[in-house]
Every structure is written in C-alpha cells, then in structure tokens.
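Beneath this line is the structure, given in structure tokens, with notes to follow.
Chains as they are written, first to last, in this note's numbering: chain H, 1 to 327; chain G, 328 to 585.
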C-alpha cells in the first residue's frame with residue numbers, strides 16, 4: 001500500500017512537472033493559478049496547459065498504463081521472461097500496415113494511420129494465434145510463430161520503405177518512432193473509453209493469470225480451461241496494446257519492463273501486479289516524454305526512443321540483480 | 328473392493344506413436360495404488376489420462392463408474408488432485424499462496440475468499456506439516472518441504488482422488504519415507520484414493536496396497552504386492568534376475584537383484 005502511494009505521488013509530481021516545464025516554463029504559482037482557474041491566470045498559460053500539455057500528458061499516461069497491462073498479461077500467459085505484446089506481432093503488424101498506407105496511398109488522410117496501425121496489429125495477432133493452433137495452443141508455438149511472422153512483416157516494411165518516396169517513408173518512420181506529440185483531447189477520450197473495459201476485465205481475471213502461469217498441465221489439473229483463458233487473454237492483450245500502438249506508434253520496452261518492475265516490487269500475485277505495473281508504465285512513458293521534450297530542446301525526441309534509452313539499461317540491471325540473487 | 332477410477336479399453340497415442348493399447352485398469356477405492364514398470368512403459372502417460380489431462384484416442388476413463396468426458400475441467404479438479412513431475416512456481420510465491428491456488432476449482436470468477444477456503448488450506452498445510460512454512464517462498468525450501476507444499480495444494484482441492492507422478496524422485500531417504508507415511512495417512516485416516524507412479528519397487532511393495540505392473544503400455548500383473556512381485560515377473564518386466572525375500576520389518580515382498 002505504501003508503495004502504491006509512493007508511485008502515485010511520483011506520478012503526480014511528473015504530472016505537475018510535465019504541465020509546468022517546456023519551451024515556455026511556468027512557475028509553480030502560474031501553474032496553480034491556471035489550474036484553479038483564478039482570474040490572475042493569463043489566457044496564454046491556459047492554452048499551454050490545457051490545450052498543449054494536458055492532452056499530451058494524459059495520452060502518455062494512458063499509453064504507458066496500457067502497454068504495461070498488456071505486457072503483464074503476456075508475461076503470465078507465455079510464461080517467458082522475454083514475452084511482451086510484440087511477441088504476438090502487434091508492433092511489426094502495425095508498422096507494416098502504416099508503412100503500406102503511407103507509401104502506397106496517394107495523400108492518405110491522417111485519421112487513417114491509427115486505424116491502419118490497429119488493424120495491422122489485430123490481423124497479425126490473429127494470424128499468429130490461428131497458425132499456432134493445433135488441437136489447442138502452446139505458449140512456445142505462439143512465441144515461435146510470432147517471431148517468424150514478425151520477421152516477415154518487418155521484411156515487408158523494409159521492402160516498402162526501400163521503394164517508397166523518401167518523404168513518405170520519413171513520415172511513416174516518424175509515425176512509427178512512437179510519440180505522444182500529436183495528442184488532443186478527442187484522442188485521449190477515445191483511448192480512455194476504448195481501454196477501460198479490457199483493462200478492467202484483465203484486472204478482474206487476475207486469479208486466472210495466477211493459475212495459468214503454473215503451466216498448461218498444472219493449470220488444467222487445477223480445473224482451468226487453459227485454451228479458453230489463453231485465447232481470451234490474447235484478445236485482451238491485442239485490444240489493449242493495439243490501441244496503444246494506434247494512438248502513439250511504437251513505444252518499446254514499456255510492456256517488457258513495467259511488469260518486471262511490478263512483480264519485483266509486489267510479488268507474484270496479479271491482483272497486485274496490475275495496478276503497480278500500470279502506474280510504472282504510465283510513469284515511464286510520461287517521464288520519457290518529458291525528458292524527450294527537455295533534453296535537446298527545441299528538438300523533441302519521440303518518447304519511444306527515450307523509453308528504449310532508459311529501458312534497456314534498466315532491464316539489464318534487473319536481470320543482473322536477479323542472477324546475483326540466485327547465485 | 329469397488330473401483331474408484333477405471334480405464335476401459337483405453338488406447339493413448341502421441342501423434343503416430345502409440346503408447347498404450349486396449350488397457351483395462353482398475354484403481355480400488357480408498358487404497359494406495361502404485362504404478363510400476365520400466366522407463367517408457369507408459370506409467371506417466373496412463374496417470375495423465377486418468378487425470379483427464381490427456382484424452383485417450385480410444386476407450387473411456389471412469390470415475391465412480393461414470394465417464395470423465397462429461398465432467399468439466401473444473402468439476403474434475405474438484406474431485407481429482409494431480410501432482411506431476413517438476414512443477415514450477417513463479418519466484419517469490421509463498422507456501423500459503425501456492426496452497427490457496429488449490430481452491431481455484433471451488434471459486435467462481437467473482438467468488439470471494441471465505442472461511443471455508445481458509446479452513447481447507449489450513450487443513451492441507453496441517454496434514455502435510457507445512458503450517459510453519461506458510462510464509463516462506465518456495466525457492467527457499469528443501470526438496471522434501473517443497474514437495475509437501477505442492478501436495479498441500481492438491482489436498483486443498485479436497486478431491487477424493489490424488490494422482491502423483493514419481494513423487495519421491497529427487498528426495499533423500501528420510502523425505503521419501505516421510506512422504507510414503509503421508510500417503511498412508513491420507514488413505515487410512517482421510518479416505519483418499521491415491522495413485523502414484525513409483526520407481527522403487529520395494530517402496531511400492533511396502534507401502535502400496537495395490538500394484539499395477541506395466542510393460543510396453545500393457546498391464547502384466549495387478550493386485551496385492553505379494554501376488555504381483557515375483558521373480559518371474561521381475562525378470563519378464565525389468566529383465567533383472569532377482570530373489571524375492573520377505574521384508575523382515577513389514578513382511579512385504581522385498582526384491583534383491585542378483
């Protein structure tokens with residue numbers, strides 16, 4: 001409980017910092033005045049806070065929580081410490097679809113990109129699951145087929161980018177780099193309402209994840225319909241991470257790192273892992289976006305690049321610590 | 328002596344490879360039954376089929392005289408507890424957390440943890456002597472303690488039947504004896520039907536009341552230890568020449584290889 005409080009405080013601190021800091025930094029007093037709607041607040045500050053920084057902040061929060069939740073599901077269902085939503089081909093599918101739309105379509109409307117990303121993610125996940133089905137599925141088969149199909153989709157992306165118009169390809173690369181740059185309240189609301197049901201359902205199913213993690217035979221002997229539960233969990237994971245990718249492009253490492261952080265902090269029960277993982281994921285993406293905005297200002301680094309920069313060494317540290325704890 | 332579990336004309340195959348063919352098997356109620364036989368004789372496969380973890384390609388498994396096909400996975404788990412070889416648990420899981428999972432088949436999605444669940448877990452830990460270890464993570468237990476914790480989980484399921492696949496493997500002698508005594512207690516005092524795959528013939532002969540001897544997926548003999556364990560049977564099934572003497576302590580047959 002103390003830990004959750006600490007994470008919430010950290011998150012709120014980040015919220016305040018993200019609202020105040022930037023090209024035009026607000027003093028704490030300005031920020032408070034703007035937020036409380038006091039008559040002393042300037043309309044300029046109100047615009048910066050409410051129209052520019054708030055949607056971006058909320059989008060980062062939602063995307064981080066979503067990726068962490070999807071990662072937690074995958075970790076339990078696949079029983080592999082390296083499993084993350086990308087294993088289902090969600091990232092590579094979204095990338096191929098977005099690249100195809102941008103390169104092959106003359107002047108695609110901007111709304112089409114997230115839709116293409118989501119559809120690409122869902123189609124890939126479905127293909128991986130169906131190809132892995134042989135009188136039931138197995139986690140290992142899903143992982144192997146996911147890697148295979150993922151490589152195929154990446155090849156298609158590379159092929160398209162090699163022959164596409166340079167400007168188009170660059171546009172696609174920027175979209176794919178993963179950022180919350182183009183946030184607005186419509187996007188935030190849409191993502192929120194999209195995520196709320198699957199994320200709640202995932203949390204309610206904590207006990208199922210606690211059991212499926214023991215392995216197919218153990219779970220089945222405890223009375224779990226393993227194939228059904230795994231199928232449902234993969235659907236949830238696809239809905240959640242597909243939407244996150246559609247909203248923000250490819251933000252790596254969060255789905256992998258956040259669940260590990262959470263299970264280190266609160267132990268193996270999923271009812272406790274989920275909220276902590278979601279908070280950690282939100283903090284990670286928000287911090288990455290803030291850092292990306294400030295580090296090389298006025299140049300803005302996409303959050304996806306920063307999460308990888310922070311995430312990779314942190315992950316190495318996690319694994320290192322674990323090995324030493326065991327040895 | 329009525330049959331708790333039975334196999335009727337059961338055939339089991341992994342893909343093209345046939346492991347068991349036309350097997351008729353009876354597991355007597357409220358007895359300790361041991362499945363023995365050389366490696367590859369199909370012991371573990373038969374145990375999995377009895378547990379409903381593997382569907383036979385032909386034939387039926389009966390629980391109390393009715394096919395287990397009509398039981399849902401959950402119904403089955405309420406009546407039959409299974410412990411396979413080398414189960415794995417996530418890091419940091421305590422004995423209590425593990426034993427609680429045994430209540431899974433008794434809970435619905437929104438079912439709350441109740442006094443009844445708590446009592447079942449306490450009983451299971453008491454029976455297996457793991458109460459004092461309740462808050463210890465599994466990775467910090469010895470092999471014998473860990474095995475007892477897993478058995479406690481299957482006991483928390485409160486089924487009438489317990490299936491154990493080579494439960495004594497990797498345990499030292501003291502822990503093996505402890506485990507055998509636990510099984511005896513479960514059968515005698517708690518009315519459980521226990522079926523275990525065992526490698527040690529003498530252990531099976533001493534503790535089990537019913538032995539099923541297998542070779543190449545077929546039953547070569549079944550019955551009380553003194554009827555099943557014979558010099559001819561050991562030579563035929565294991566290809567080992569031996570002398571059978573009377574165990575000076577328990578009076579059960581004791582196989583001494585030549």
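Note that CB positions come from ideal geometry on N, CA and C, so glycine has one too.
- DSSP places residue 572(G) in the strand class (E or B) of the three-state scheme.
- The Cβ-Cβ distance between residue 67(H) and residue 292(H) does not fall below 7 Å.
- Within its own chain, the residues whose Cβ lies closer than 7 Å to the Cβ of residue 494(G), once the five positions on either side in sequence are excluded, are 410, 474, 506 and 523, listed in chain order.
- Annotation for residue 510(G): the continuous alpha helix (DSSP H) segment containing it runs 500 to 517.
- The C-beta distance from residue 525(G) to residue 369(G) rounds to 15 Å, too long to meet the 8 Å contact threshold.
- For residue 210(H), the chain G residues whose C-beta falls within less than 8 Å of its own C-beta are 428, listed in chain order.
- Looking at 362(G), 379(G), 378(G) and 384(G), the one whose alpha-carbon comes closest to that of residue 344(G) is 384(G).
- Cβ neighbours of residue 423(G) within its own chain (closer than 6 Å, five residues either side excluded): 461.
- Our two residues, residue 40(H) and residue 4(H), have alpha carbons roughly 35 Å apart in a direct line.
- In terms of beta-carbon proximity, residue 519(G) stays away from the interface with chain H, with every pair separated by 7 Å or more.
- One thing to note: residue 374(G) has its Cβ within 7 Å of the Cβ of residue 492(G).
- Counting only residues of its own chain and dropping the five nearest sequence neighbours on each side, residue 286(H) has a CB closer than 8 Å to the CB of 11, 14, 15, 18, 57, 60, 61 and 64.
- Distance from the CA of residue 521(G) to the CA of residue 490(G), rounded to the nearest whole angstrom, comes to 6 Å.
- Scanning the region 533 to 573 of chain G for uninterrupted beta strand (DSSP E) segments of 3 residues or longer gives 537 to 542, 545 to 550 and 569 to 573, listed from N- to C-terminal end.
- Burial is judged here by how many other beta carbons sit within 10 angstroms of a residue's own beta carbon; residue 415(G) has fewer than 16 and is exposed.
- Rounded to whole angstroms, the Cβ separation of residue 233(H) and residue 73(H) is 5 Å, and the two are in contact under 8 Å.
- Looking at the DSSP output, residue 341(G) bridges to 344(G).
- At a cut-off of 7 Å between C-beta atoms, residue 206(H) does not count as an interface residue with respect to chain G.
- Annotation for residue 270(H): 206, 209 and 210 place their beta carbon closer than 6 Å to its own, counting only its chain and skipping 5 residues before and after.
- Where residue 299(H) is concerned, there is no enclosing beta strand (DSSP E), because DSSP gives it neither an H nor an E.
- Counting only runs of 4 or more residues that sit fully inside the region 150 to 198 of chain H, the alpha helix (DSSP H) segments are 166 to 176, in chain order.
- Checking the DSSP bridge columns, you'll see residue 394(G) partnered with 389(G).
- For residue 170(H), there are no C-beta contacts with chain G under 8 Å, since the nearest C-beta of that chain is about 44 Å from it.
- Of the candidates 26(H), 173(H), 77(H) and 78(H), the residue whose Cα lies closest to the Cα of residue 248(H) is 173(H).
- Taking the CA atoms as reference points, residue 218(H) sits about 53 Å from residue 35(H).
- Sorting 347(G), 404(G), 579(G) and 342(G) by C-alpha distance to the C-alpha of residue 487(G) places 404(G) at the top.
- DSSP places residue 352(G) within a strand segment (E or B) once states are collapsed to three.
- In the DSSP assignment, residue 257(H) falls within the alpha helix (DSSP H) that extends over 254 to 266.
- For residue 221(H), the chain G residues whose C-beta falls within less than 7 Å of its own C-beta are 378, 380, 404 and 409, listed in chain order.
- In terms of Cα proximity to residue 574(G), the closest of 568(G), 553(G) and 561(G) is 553(G).
- Listed in chain order, the positions of the region 267 to 283 of chain H with a beta carbon within less than 8 Å of a beta carbon of chain G are 267, 268 and 269.
- With respect to the 7 Å criterion, residue 420(G) and residue 268(H) are classified as neighbours on the basis of their beta carbons.
- For residue 424(G), the chain H residues whose C-beta falls within less than 9 Å of its own C-beta are 210, 267, 268 and 269, listed in chain order.
- Partner residues in the beta bridge of residue 582(G), as assigned by DSSP, are 571(G).
- DSSP places residue 40(H) in no beta strand (DSSP E); its state is neither H nor E.
- A direct Cα-Cα distance of roughly 14 Å separates residue 151(H) from residue 142(H).
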